[in-house]
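Reading through the structure tokens given below for one structure.
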Amino acid sequence: MNLQALALLSGTQLTHLAPVDIIILLLYFAVVLFIGFYVKGQTNTSEEFFLAGREMTAWIAGLSFVSANLGSLELMGWAGSAYQYGILATHWYWIGAIPAMLFLGIVMMPFYYISKTHSVPGYLQLRFGEGARGLSAASFALMTILMSGVNMYAMAVVMQTVLGWNITFSIWVGAVTVAIYVMLGGLRSAIINEVLQFVLIWAGAALIPILGLIEAGGWTNLKAQIAANVGSSDYTHLWSTLGTFKGNPMGIHWTGIVFGLGGIISFGYWTTDFLVVQRVLSANNLRSAKMAPIIGAAFKMAVPLIVIVPGLLALAVLKNADGSLMHLVPGDIAKATGQHAYDEVLPLMLIRYCGPGLLGLGITALVAGFMSGMAGNVSAFSTVWTYDLYGAYINKKASDKHYVAMGRWSTVIGMLISIMTAYLVAHASSIMDYVQSLFSFFIAPLFGTVILGMLWKRATKEGGFWGLFAGTLSSIGMFAYVHTGGKAALAHIALSPDAQPMAENMYRALWSWIICVLVTVAVSYMTTAKTDAELNGLVYGATVIPSDGATTIWQKPVFWACVVAVVFIALNIIFF
Amino acid sequence: MAEGTGRGDALSIWFFVGVMTLSYGIVLLPYGAWAWFGGHEAPTVLNNLHPTFWWGVLLTIFGGFYTLRFRPRSGDTNKV
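Quick note, the sequences are listed as chains Z and E, same order.
When you line the first sequence up against this note's numbering, it's residues 1 to 576, in that order.
When you line the second sequence up against this note's numbering, it's residues 577 to 656, in that order.
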């Protein structure tokens, strides 16, 4: 989401809250703070604080898993992208998520779960030793805490743009509330709030597509109106326009979507980003751990209804006061012309259909999304800091009680660093783009390292470390090359002179993953592998995977994964 | 056992989901009724469908069901 541009918009707010809206917002804050105090008594050990006692059911872990990625930054950004690029934005919710989530549940979760690791860097330590763990833990801790600050600033900017709230007020209210409930309840608090947020997002946003489709006269009429308004039917096809870079509004080729997004970026994010994997590690048994990502995938498939459909509806129904069609524009143009920016599409649609009360519910959903994003980042940070950095390198032999105290303190300190990041971004907003890019440096190579570690016995400690290091370095190199070399450099990375900036991430991920895999394989063949006995519980072929306890077909995770896969394929065919 | 909130606690995560949505239903329903029957509907698109009222009804039913279904019962506490 281009918040830089949103931040630059004119000071005029979009709407204001009525007393009934404020009641709804205050109710939310009261409930989340109550939950923090309520669960504090149940977070006395490190396993309770960092892994919610490993007692979450598949439904809770699954909803939390999908909700951790359903932040307001994503919702508003992708609604804006749907307006800008049409239904192609749905790829980030379907092929860019579902196959990876199912793969995590069926193939990878058994190893994460039975190795009893507390984190993804923790798995790397078991499989590849301290070098790979240290590299991934340090980069992850830095990135999550910076992202928490970006979320904080994003919330403040949205609240300023939509409601005219003071930026400092929003930053501190959000930060203090999140710090209190995560410090008190750890991951348990964060998970409960994520489940609440998931329900709130639907309660607050589902009316937009419902009323929008009524106004547009149904899906078929909506497609016809969009085609008439933009002069092309490309905006409502998922795949048929991806044969060439020039044939679609996004300037991307199907190979980028399938291999870059669907193959690498999404697998990297959904299977190795500890922020989401931590939710599944809290499951109460192996079957729940396998089912949680599958349940998450089922709900993920429905999210375009509240994100993509509003963006598409805006192309058809959003009007100016004089009845003419409203044209949203990029943020920098909006600043100059006084028009609305792409990223404002969700608030604009909310205001279009929702009066007092419903507006409060929608705003509360956005606030909940931002706060849950901060909580997710800060709880993952405190776990990786305490287990994989402090406990691994600074104080190895402290008591469990000491690590819990460190978890609570690192939550508070993490929030303070986030606040500093938020102010830093506020004063130099281009930093935000770099922070958001930083994640992409590590995710694709990390997936290469983890997947080889799980599936290939021959991968060695040295191979894992140098593969991860080379992949990350190449990703940073390609990023710098494109950002200094302009369109010509982009054409080299994406293999086409017609490629648009959106394609860069996908091809960069693909190349950095390939480099990671090649280096890991090459170095592994030059070094000595571990024995099967040493790899027990960590790698396919060296591990007897225990039964998940399913006796009937209805209890088998693989059955439900097939059901989700069939629906996923059907949806792609329907909207082809 | 109360799901999600920790061993031995009486309040399940689903109870919180119920209470929160029921609270919102209880706020929206009378406000929507006042707006509809008192002629105070906000000038939003499709306000003739009275979305605040009907959304309030839906949230009240949903929240009421979850609140009742997962309400704390005697004997739920201190189970491990």
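Heads up, the beta-carbon is just placed ideally off N, CA and C, and yes, glycines get one too.
Just so you know, these numbers come straight off a predicted model, no measurement behind them.
Rounded to whole angstroms, what is the Cα-Cα separation between L135 (chain Z) and L495 (chain Z)? Near 31 Å, if we compare the C-alpha coordinates of L495 (chain Z) and L135 (chain Z).
Would you check if the region 619-626 of chain E and the region 366-380 of chain Z touch, i.e. whether three or more CB-CB distances between them fall below 8 Å? Short answer: they don't touch.
Cutting at 6 Å between CB atoms, please list the residues of its own chain near D532 (chain Z), excluding the five before and the five after it. So the list reads A542, once near-sequence residues are dropped.
Leaving out five residues before and five after T15 (chain Z) in sequence, what residues of the same chain have Cβ atoms less than 6 Å from its Cβ? Correct list, in chain order: I351.
Does any residue of chain Z bring its CB to less than 9 Å from the CB of F646 (chain E)? Not closer than 9 Å to any Cβ of chain Z, the Cβ of F646 (chain E) fails to qualify, so no.
Should T386 (chain Z) go down as buried or exposed, given a rule of 16 or more other Cβ atoms within 10 Å for buried? Looking at its Cβ environment, which holds 16 or more other Cβ atoms inside 10 Å, T386 (chain Z) is buried.
For I35 (chain Z), which residues in chain E fall below 7 Å Cβ to Cβ? Within 7 Å Cβ-Cβ: F592.
Burial state of I573 (chain Z), where buried means 16 or more other Cβ atoms lie within 10 Å: Label assigned to I573 (chain Z): exposed.
I'd like to check one pair, Y181 (chain Z) with A190 (chain Z): are the Cβ atoms closer than 9 Å? Cβ distance < 9 Å, so A190 (chain Z) and Y181 (chain Z) count as in contact.
Report the neighbours of C516 (chain Z) on chain E: residues whose CB is nearer than 7 Å to its CB, in chain order. None at all; the shortest Cβ gap to chain E is about 37 Å.
In the DSSP assignment, the alpha helix (DSSP H) including G660 (chain E) goes from what residue to what residue? The structure shown does not extend to residue 660 (chain E), since chain E is modelled only from 577 through 656, so no value can be given for it.
Mind checking if T636 (chain E) is an interface residue toward chain Z, Cβ cutoff 9 Å exclusive? Proximity of T636 (chain E) to chain Z, defined by a Cβ-Cβ separation below 9 Å, is not satisfied.
Determine the closest residue to I451 (chain Z) out of Z:L184, Z:A314 and Z:L104, with distance taken between C-alpha atoms. Per the Cα distances, Z:L104.
Can you list, in chain order, the residues of the region 594-617 of chain E whose Cβ is nearer than 8 Å to any Cβ on chain Z? Only V595, M596, T597, S599, Y600, V603, L604, Y607, G608, A611 and E617 from the region 594-617 of chain E bring a Cβ to less than 8 Å from some Cβ of chain Z.
Residues of chain Z with CB under 7 Å from T628 (chain E), in chain order? Correct list: G355, G357 and L358.
Assign S324 (chain Z) to buried or exposed, taking buried as 16 or more other Cβ atoms, counted over all protein chains shown, within 10 Å of its Cβ. Residue burial annotation: S324 (chain Z) is exposed, with fewer than 16 other C-beta atoms found within 10 angstroms of its C-beta.
Do A100 (chain Z) and Y353 (chain Z) count as a contact pair if the criterion is CB distance below 9 Å? Between Y353 (chain Z) and A100 (chain Z), the C-beta gap is not smaller than 9 Å, which leaves the two residues out of contact.
Looking at the C-beta of V621 (chain E), does it have a partner C-beta in chain Z at a distance below 9 Å? Using a Cβ-Cβ cut-off of 9 Å, V621 (chain E) counts as an interface residue toward chain Z, since at least one Cβ of chain Z sits closer than that to its own.
Residue-level contact to chain Z via CB, G632 (chain E), 9 Å cutoff: True, the Cβ-Cβ gap to chain Z drops below 9 Å.
By how many angstroms is the C-alpha of L146 (chain Z) removed from the C-alpha of Y390 (chain Z)? Cα to Cα, the separation comes out at about 19 Å.
Members of the region 192-203 of chain Z that neighbour chain E once the beta carbon cut-off is set at 7 Å: Answer in chain order: I192, V195, L196, V199 and A203.
Interface residues of chain E around L207 (chain Z) at Cβ under 9 Å? P627 and W631, listed in chain order.
Residues in its own chain within less than 8 Å of M596 (chain E) by CB, not counting five upstream and five downstream? In the same chain as M596 (chain E), and ignoring 5 residues on each side of it, the C-beta atoms closer than 8 Å to its own belong to G639, in chain order.
Sorted by chain position, which residues of the same chain lie with C-beta nearer than 6 Å to L490 (chain Z)'s C-beta, five sequence neighbours on each side aside? Excluding sequence neighbours, L490 (chain Z) sits near V482, A499 and E504.
Taking Cβ positions only, does E344 (chain Z) come closer than 9 Å to chain E? No, E344 (chain Z) lies away from the interface with chain E (no Cβ there is under 9 Å from its Cβ).
Within 9 Å, strictly: CB atoms of R287 (chain Z) and A550 (chain Z): With respect to the 9 Å criterion, R287 (chain Z) and A550 (chain Z) are classified as neighbours on the basis of their beta carbons.
Compare the C-beta of V150 (chain Z) with all C-beta atoms of chain E and state if any pair is closer than 9 Å. Not flagged as an interface residue toward chain E: V150 (chain Z), since no C-beta distance is shorter than 9 Å.
Assuming the contact rule is C-beta atoms closer than 8 Å, V404 (chain Z) and N44 (chain Z) should be a hit. Round their C-beta distance to whole Å, please. Their Cβ separation, rounded to whole angstroms, is 7 Å, which keeps V404 (chain Z) and N44 (chain Z) in contact under 8 Å.
Does E74 (chain Z) have its Cβ less than 9 Å from a Cβ in chain E? It does not: the Cβ of E74 (chain Z) has no partner Cβ on chain E nearer than 9 Å.
Short of 6 Å in beta carbon distance, which residues of its chain neighbour W78 (chain Z), apart from the five on each side in sequence? Order them along the chain. Here the set comprises A89 and V307.
Once DSSP output is grouped into helix, strand and coil, what is the label at M506 (chain Z)? Residue state, collapsed to three classes: helix.
Inside the region 503-557 of chain Z only - beta strand (DSSP E) runs reaching at least 3 residues: Runs of the beta strand (DSSP E) inside the region 503-557 of chain Z: none found.
Span separating the alpha-carbon of Y423 (chain Z) from that of I417 (chain Z): Rounded to the nearest angstrom, the gap between the Cα atoms of Y423 (chain Z) and I417 (chain Z) is 10 Å.
Beta bridge counterpart(s) of A283 (chain Z) as assigned by DSSP: A283 (chain Z) is bridged by DSSP to Z:M56.
In chain order, what residues of the same chain lie with their CB nearer than 7 Å to the CB of R458 (chain Z), ignoring the 5 residues before and after it? Closer than 7 Å at Cβ, skipping near neighbours: S524 and A529.
Of all the CB atoms in chain E, is at least one closer than 9 Å to the CB of E47 (chain Z)? No, its Cβ sits nowhere closer than 9 Å to a Cβ of chain E.
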